[in-house]
Amino acid sequence: MIPLRRRATVVALTVVGAVALVALPACSHAPVTATVTVDTSHPLGSFNPFTALGAGLDGQDKGSVTGMYTPANERAMQAAGFKPLTYRLRTELAVQAWHWNPEGAWSDLAHAQGYWTSSAVPDKPIELSYGYRLPRRGDTHDQANDNGFSRLDDGDASSFWKSNPYLDPRFTAAPDSEWVVVDLGRATRVDTVRLAWGTPYAVAYRVDWWDGDDPFSISANSGENWRPFPHGAVDAGTGGDVELHVGSPSQAVRFVRVLMTRASGAAPAGSSDVRDGLGYALREVSIGTGVGASFHDAMRHGHTAGTQSTVTVSSTDPWHRATDIDTTTEQPGFDKILASGLTNGLPAIVATSLLYGTPEDAQAELAWLTARGFPLAGLELGEEPDGQNALPEDYGRLFVQWARALHAVRADVRLGGPALQTGFDEVRVWPDTSGETSWLRRLATYLRAANASSDFAFLSVEWYPFDDACGPVPPHLRAEPHLLAATFKRWAADGMAGVPKLVTEYGYSAFAAEPEVDVTGAIVNTDFVGQFLTLGGTAAFFYGYEPNTLLKEADCNSWGNTMLLQADDEYHVTARMPAYFAARLVTQTWAQPVDAPHTLYRATVHAAGSMADAISAYALRRPDGRWAVLLLNKDAAHAVQLRLSLLRGAAAVTQYGRAQYRWHASGERGHPARDLPPVQFTQTAGAPLALPALSMTVVSGT
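Reminder that position 479 of the sequence shown reads as 477 in my numbering, one-by-one numbering, no gaps.
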């Protein structure tokens, strides 16, 4: 950080209407001036802190839940002032089925395997729940612990990948196109593809190659697309082991896709479950050069993600066995969360498994929650389908099925999703027949065509704007508001203008890094919440509610975590983080902690030079009639000096920044070197007020 040693910046904060903050010169030098104007004549809208300012809870490592959710820790968490909760679903990120209730039934009861439906009868409290690995998995990597592997290049002829049967025409009344993409790691000569089909197999399919850099990271109008191999199409496949000579001479390619467009509908011998015969099954894939005994396989085959070529698939069958339970990660049970004081007696947003679940299990979940008497603000269907590389139409087909099933249980329940992991940028996918590459726009188009737009009651995304956790922090602080403003415009263009917007996770970065345990990360959180609500967002949920420890996930030597409270290895709270004090600044000082609307007004910042995007201001009128202005100075070198005027009597000021907090970086033993609460003082009308560099301030008065 740049030390605070330059001249102070002078800011004039004026208000059209009842409240004004007017600048005083900081020194005799020519000042760098800025003006923040609050228009009190035209309210932008309102929000209720009891529905709009919340926090999220998620799955944890084995043995963590009991230590995290102690009465003392829950009291410390609640002190941050967040009101509603959102329940996250880690199993969906891990390509796992979720037994939200350990009691339930298998479709193949005799063998404790098949498709699981948890019990809808709330006869026992649920303290913990677990995910189950999918033995028909096709993805090499996942978004959770990444300790699974693909069955398509594991070298085991007895294992196989199978697509999700709920995408079959039997359930969707639409053609089911599934795909497998292989990354050879680098451009490799290819003229032969070997496919060992399982049952059901593909009758019609083709083999393509990608003509760009990465089929899962494309940009708008890039021209990148899948191109068919000259001889890679099959229109009357009969299953079994197939060797396709896709072209001669061989072609240098890195990414190869098998696109399946018509299924055999055949079920394995002895099967009694219709789902066994729906979709496509492949036992093994090999890609390379040569024929017969001279075939050279360019793929790596192994039983771990690190020993096999990376495979990505369109969907995965949620079929599994009792022995597939993964106890290394645990989800806090519904009773552990929803029966605790953490809900504040308010309705919660609860996750429902979609990509790796069944509609019958989702119905049972809703019936159980209803019978248990837990109030619901909505059900969020799925978790990060973009991270699983699911196409929007496939998500839409599942969403429509789940919506019909859930509304058959309760017509009043609000459903939404898809919890996009990339909320700050447009998610791009392979162009459809019209050339459209926008994931969200294509989902909106699908829902309209399926007459299901009314079932989509809210759009949910995650907001982690800085994947570059090692990059310089000051530019990030200035950039974040521009990202969010552009995002709202894009959502409107994508057909989501009238849909309520929920950010069901937010933080500085999806990767653990030092800014998250410093004032800078807290400023980003606060800036996001203020702007999100001002732009018309419905609710925002901070991720990292539980006391936690430091992690290192970035490539640089940076330790951090999205957390309010730092804890030791036994989850005893050792420090309150800047995110905690920033949360209280928003929930207790800027917004009045009452269950009533708070009216927002536009605050416009005018500044010269480098300070143009260094100041954020968010103004509201609280239910008690007082005005509150949230001011953020995001500059690392300049203080801002203000004088308050046109206020009747004294103004209350609460301020938090570098004077209250310093982080001591020491690897996994990092901790706050100074950890003080915000300062509070009274400001008389006309007296100068300093906003220190990298600080957050709330000024309130009548």
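Every residue gets a Cβ at the ideal spot worked out from N, C-alpha and C, and that includes glycine.
Assignment of HIS139 by DSSP, reduced to helix, strand and coil, places it in the coil class. By the Cβ rule, the region 295 to 308 does not count as touching the region 159 to 174, because fewer than three pairs are nearer than 8 Å. PRO123 and GLY542 have their C-alpha atoms some 25 Å from each other. Under the 10 Å beta carbon count, LEU336 is surrounded by 16 or more other beta carbons and is classified as buried. Counting along the chain, PHE332 sits inside the alpha helix (DSSP H) bounded by residues 332 to 336.
Runs of beta strand (DSSP E) with 3 or more residues, each lying fully within the region 266 to 296, are found at 279 to 287, listed in chain order.
Around the beta carbon of PRO41, fewer than 16 other beta carbons sit within 10 angstroms, so the residue counts as exposed.
In this structure LEU257 is in contact with ARG204, their Cβ atoms being roughly 5 Å apart against a cut-off of 8 Å. For SER44, the closest of ALA685, LEU629, TYR616 and THR532 by C-alpha to C-alpha distance is THR532. Spatial neighbours of ARG192 in its own chain (CB-CB distance under 6 Å, excluding positions within 5 residues in sequence) are listed in chain order as GLU241 and SER284. Bridge partners of VAL188 according to DSSP: GLN249. In this structure, DSSP gives LYS122 a state outside helix and strand, which the three-state scheme calls coil. Under the DSSP definition of a beta bridge, HIS662 partners with HIS669.
By the Cβ-count criterion, LEU107 is exposed, with fewer than 16 other Cβ atoms from all chains shown falling within 10 Å of its own Cβ.
For LEU674, the number of other beta carbons within 10 angstroms of its own is below 16, and it is reported as exposed. Secondary structure of HIS301 (DSSP, three-state): coil.
In terms of Cα proximity to GLU514, the closest of VAL651, GLN419, TRP625 and ARG574 is ARG574. The DSSP assignment places 576 to 582 as complete runs of the alpha helix (DSSP H) inside the region 570 to 598, in order along the chain (cut-off: 4 residues). In the displayed model, GLU363 falls within a helix according to three-state DSSP. Within the region 473 to 561, the runs of alpha helix (DSSP H) that reach at least 4 residues and sit entirely inside it are, in chain order, 517 to 532.
Two segments are said to touch when three or more pairs of C-beta atoms, one from each, lie closer than 8 Å; by this definition the region 535 to 553 touches the region 51 to 61.
LEU583 sits close to THR524, with the two beta carbons spaced by under 8 Å. When only Cα atoms are considered, GLY668 and THR326 end up about 26 Å apart.
If you check the CB distance, ALA264 and GLU512 do not come in under 8 Å. Secondary structure of HIS636 (DSSP, three-state): coil.
Looking only at PRO591, VAL497 and GLU460, the smallest Cα-Cα distance to GLY505 is reached by GLU460. DSSP lists VAL651 as the bridge partner or partners of PHE679. In the structure shown, SER148 falls within a coil segment according to DSSP collapsed to helix, strand and coil. Listed in chain order, the beta strand (DSSP E) runs fully inside the region 201 to 250 are 224 to 232 and 239 to 243, counting runs of at least 3 residues. Boundaries for TYR444: no beta strand (DSSP E) harbours it, while the alpha helix (DSSP H) harbouring it runs 437 to 447, taken from the DSSP string. If you ignore the 5 residues before and after ASP333, its C-beta comes within less than 7 Å of the C-beta of PRO123, ILE124 and GLU125, all in its own chain and listed in chain order.
Contact check for VAL696 against THR587 passes: the beta carbons are separated by less than 8 Å.
Contact check between the region 596 to 611 and the region 79 to 99: fewer than three CB pairs, one atom from each, fall below 8 Å, which does not count as touching.
Taking the Cβ atoms as the reference, SER693 lies roughly 7 Å from TYR654, within the contact range of under 8 Å. Ranking ALA580, PRO676 and ALA657 by CA distance to the CA of GLY79 puts ALA580 first. When C-alpha distances from VAL244 are compared across THR33, ARG225 and GLY238, the shortest belongs to ARG225.
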